[in-house]
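Shown next, in C-alpha cells, is the structure this report addresses.
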Amino acid sequence: MPNAASRFYRTAKNLSRLLDEIHEHFPDASYYAASGTLCLLLGESHSKSDVAQQELLAHAAPGLRVEGGDW
Numbered sequence: 001m002p003n004a005a006s007r008f009y010r011t012a013k014n015l016s017r018l019l020d021e022i023h024e025h026f027p028d029a030s031y032y033a034a035s036g037t038l039c040l041l042l043g044e045s046h047s048k049s050d051v052a053q054q055e056l057l058a059h060a061a062p063g064l065r066v067e068g069g070d071w
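Take 1 as the starting number for the sequence shown in the UniProt record's numbering and just add one per residue.
Structure follows, in C-alpha cells:
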C-alpha cells in the first residue's frame, strides 16, 4: 500500500479544512466519535451538566469506524 500514508494525511487535511469552513457558521462545531461512528456536531457533545446534546448532530458517517482510547 504505497499510497496509504499520503491518502490518509490528505483525508485528514480535507476534514480539517471542512471543519474550518463550518466554523464560519458554527464556531463550536467539532468531530465526535459516538460509539465508533464519526459524527459532525454543531456544538458541544454534552451540556455543562453532562447531558448529551444529540440534537446538535449534523451528520454521521456510520461506514467510518473511529475507535477511542489512550496509550
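Glycine included, C-beta positions come from ideal geometry on N, C-alpha and C.
Quick check on L64: buried or exposed, where buried means 16 or more other Cβ atoms within 10 Å of its Cβ?
exposed
Tell me the rounded alpha-carbon separation between D50 and L42.
Those two C-alpha atoms are separated by around 17 Å.
If you run the structure through DSSP and keep just helix, strand and coil, what is L42?
coil
On the criterion of 16 or more Cβ atoms from any shown chain inside 10 Å, does A58 qualify as buried, or is it exposed?
exposed
Is DSSP giving S6 helix, strand or coil here?
helix
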